[in-house]
Amino acid sequence: MPELPEVETIANGINERVRGRTIHHVTLGTKPEPLKSPAALIEEMLTGAKIERVHRVGKTIVFDLKRKNHNAQFTVHLGMTGRLLVSRAEVEVPPHTHGIFALDDGREIRFVDARRFGRMAVVAPNTKYEGPGKEPLTISVDDFIALFKGRKTAIKAALLNQSLLHGVGNIYADESLFHAGIRPTRQAGRLTRAEFAKLHAALKDVIKHAIQLGGSSISDYVDADGVRGFFQLEHRVYGRTGENCKACSTPLKKTVVGGRTTHYCPKCQK
């Protein structure tokens with residue numbers, strides 16, 4: 007599933023390409039799973055709307071729309087295998103395309119999702135989609151610590167709790183914990199303030215660097231142009247079980263935390 011850096015990369019790419027354009031026509035597929043709002047409502051709200059901005063909230067891509075009488079928002083969650091692409095109308099439509107949003111300049115925004123875990127929805131007029139948790143890139147260190155105070159769950163599981171921090175997934179939880187030198191199985195509420203401060207800084211640094219490299223292409227992820235990311239080349243622990251740690255040469259291990267496969271260095275992470 008695309009995580010925060012991948013969704014940020016896609017949202018920024020879409021924004022650069024379609025900001026200021028008007029949605030001329032909407033075509034939705036026949037499969038019901040991708041539609042979190044009724045098809046007729048999506049078509050009504052988007053047709054004729056001007057795209058003011060495209061941005062990310064958590065793992066959700068949000069289109070800010072301007073209509074004649076009110077503002078609106080359209081949200082796209084990519085699920086496991088979803089793609090959001092900008093193409094010329096004459097380019098062949100890929101299989102498993104569930105939404106085509108024709109623009110006034112002859113291009114189309116296309117939502118493609120083979121497994122149909124992604125979702126499209128509209129937000130009530132003049133309201134804003136805010137997501138379930140705090141934003142990892144802007145949260146202060148004091149607020150970050152407060153999120154985990156007294157929690158008995160493993161810190162890796164707590165990082166993945168979208169009601170606490172939205173957007174952090176398996177890859178960036180593992181990588182951030184490695185950079186902070188913290189074992190993923192440690193009880194969240196027992197970390198010291200100094201450890202939380204290191205994790206807070208590591209999480210921001212890892213996410214920002216991943217965004218600069220276009221995210222991690224592990225499975226189906228591509229950006230708005232269909233281009234893969236490069237951060238997977240810099241993973242220190244994720245997906246490297248049995249390989250030697252790049253910092254200490256100790257073989258990396260994996261375990262399961264909160265039902266998720268977790269990668270770590272038994273020497274560097276205490």
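In my numbering, the protein residues as written are 7 to 276.
Using N, Cα and C, we set each Cβ at its ideal position, and we do this for glycine too.
Sequence-distant residues of the same chain with beta carbon closer than 8 Å to Gln193, five excluded per side = Sequence index remark: in the sequence shown, residue 193 carries index 187 (1-based). Closer than 8 Å at Cβ, skipping near neighbours: Arg157, Lys158, Thr159, Ala160 and Ile161.
message = Quick check: Leu170 and Gly139, are their CB atoms within less than 7 Å of each other?
response = Position 164 of the sequence shown, counting from 1, holds the residue named residue 170. Position 133 of the sequence shown, counting from 1, holds the residue named residue 139. Their beta carbons are under 7 Å apart, which means Leu170 touches Gly139 by this criterion.
Span of the beta strand (DSSP E) around Met86 = Locating residue 86 in the sequence shown gives position 80, counting from the first residue. Note, Met86: premise wrong, no beta strand (DSSP E); not H, not E.
query = Cα separation between Thr81 and Ser43?
reply = For this step, residue 81 is matched to residue 75 along the sequence shown. For this step, residue 43 is matched to residue 37 along the sequence shown. Taking the straight line joining both Cα atoms gives about 10 Å.
ask   = Skipping 5 residues on each side, what residues in its chain have a beta carbon closer than 6 Å to that of Val129?
value = Translated into the one-based positions of the sequence shown, residue 129 becomes position 123. For Val129, where only same-chain residues beyond five positions count, the Cβ hits under 6 Å are Gln79 and Tyr135.
request  = State the Cα-Cα distance for the pair Lys259 and Asp119, rounded to the nearest angstrom.
outcome  = Locating residue 259 in the sequence shown gives position 253, counting from the first residue. Locating residue 119 in the sequence shown gives position 113, counting from the first residue. Those two C-alpha atoms are separated by around 33 Å.
ask   = Below 7 Å between beta carbons: does that hold for Arg94 and Arg116?
value = Looking up residue 94 in the sequence shown gives position 88. Looking up residue 116 in the sequence shown gives position 110. Going by C-beta atoms, Arg94 is not nearer than 7 Å to Arg116.
request  = List the endpoints of the continuous alpha helix (DSSP H) containing Ile151.
outcome  = Looking up residue 151 in the sequence shown gives position 145. Residues Val147 to Phe154.
message = Contact between the region 198–211 and the region 146–157 is defined here as three or more beta-carbon pairs at a separation below 8 Å; is this criterion met?
response = yes
query = With a CB to CB cut of under 7 Å and the five nearest residues on each side skipped, what residues in its chain are close to Phe236?
reply = Here residue 236 refers to the residue found at position 230 of the sequence shown. Note on Phe236: pLDDT 46, under 50, position unreliable in the model; no value is reported.
task = State the Cα-Cα distance for the pair Val263 and Leu90, rounded to the nearest angstrom.
result = Start at 1 with the first residue of the sequence shown, and residue 263 comes out as number 257. Start at 1 with the first residue of the sequence shown, and residue 90 comes out as number 84. Roughly 31 Å between the two C-alpha positions.
query = Run through DSSP, which three-state label would His31 get?
reply = Taking the first residue of the sequence shown as position 1, residue 31 is located at position 25. Reduced to three states, the DSSP call for His31 is strand.
ask   = How is Pro44 classed by DSSP in three states: helix, strand or coil?
value = Along the sequence shown, one-based indexing puts residue 44 at 38. Pro44 falls in the coil class under three-state DSSP.
query = In three-state DSSP terms, what is Asp211?
reply = If you number the sequence shown from 1, residue 211 lands on position 205. In this structure, Asp211 counts as helix in the three-state DSSP scheme.
ask   = Measuring CA to CA, which of Gly124, His172 and Cys251 is closest to Thr144?
value = For the purposes of this step, residue 144 is taken as the residue at position 138 of the sequence shown. Closest option to Thr144, Cα to Cα, is His172.
query = To which residues of the same chain is Pro11 closer than 6 Å at the C-beta, ignoring the five residues directly before and after it?
reply = Sequence index remark: in the sequence shown, residue 11 carries index 5 (1-based). The residues are Ile213, Ala216, Ile217 and Gly221.
key: C-alpha distance - Val97 paired with Thr191, whole-angstrom precision   = As a first step, residue 97 must be located in the sequence shown, where it is residue number 91. As a first step, residue 191 must be located in the sequence shown, where it is residue number 185. The alpha-carbon separation between Val97 and Thr191 amounts to approximately 48 Å.
message = Residues in the same chain with beta-carbon distance under 7 Å from Pro272, minus the five sequence neighbours each way, listed in chain order, please.
response = Your numbering for residue 272 matches position 266 in the sequence shown. Closer than 7 Å at Cβ, skipping near neighbours: Thr256 and Lys259.
task = For Arg121, collect the residues of the same chain with a Cβ closer than 6 Å to its Cβ; drop the 5 residues on either side in sequence, then sort them by chain order.
result = By one-based count along the sequence shown, residue 121 stands at place 115. Only Met86 and Thr87 meet the Cβ criterion.
Residues sharing a beta bridge with Pro257, DSSP = Reading the sequence shown from its first residue, position 251 is the one you call residue 257. Beta-bridge pairing links Pro257 to Asn250.
request  = With a threshold of 16 other CB atoms inside 10 Å of the CB of Lys199, please say whether the residue is buried or exposed.
outcome  = In the sequence shown, the residue the question calls residue 199 occupies position 193. A small correction: the amino acid at residue 199 is Arg; Lys does not occupy that position in the sequence shown. By the 16-neighbour rule on beta-carbons within 10 angstroms, Arg199 is exposed.
key: Contact check, Val174 vs Leu165, beta carbons under 7 Å   = As a working mapping, residue 174 is identified with position 168 in the sequence shown. As a working mapping, residue 165 is identified with position 159 in the sequence shown. Yes, they are a contact pair.
key: Run of the beta strand (DSSP E) containing Arg62, from where it starts to where it stops   = To locate residue 62, count along the sequence shown from 1; it is residue 56. Note, Arg62: beta strand (DSSP E), Lys56 to Val63.
ask   = What is the DSSP secondary structure of Thr53, reduced to helix, strand or coil?
value = Working through the sequence shown from its first residue, we reach residue 53 at position 47. Correct three-state label for Thr53: coil.
query = The beta strand (DSSP E) with Gly105 in it runs from where to where?
reply = Locating residue 105 in the sequence shown gives position 99, counting from the first residue. Thr103 to Leu109 is the extent of the beta strand (DSSP E) around Gly105.
key: Span separating the alpha-carbon of Thr36 from that of Gly245   = To locate residue 36, count along the sequence shown from 1; it is residue 30. To locate residue 245, count along the sequence shown from 1; it is residue 239. Distance between the alpha carbons of Thr36 and Gly245 is about 36 Å.
task = Identify the continuous beta strand (DSSP E) that holds Ala127 and give its terminal residues.
result = Locating residue 127 in the sequence shown gives position 121, counting from the first residue. Here the beta strand (DSSP E) through Ala127 covers Arg125 to Val129.
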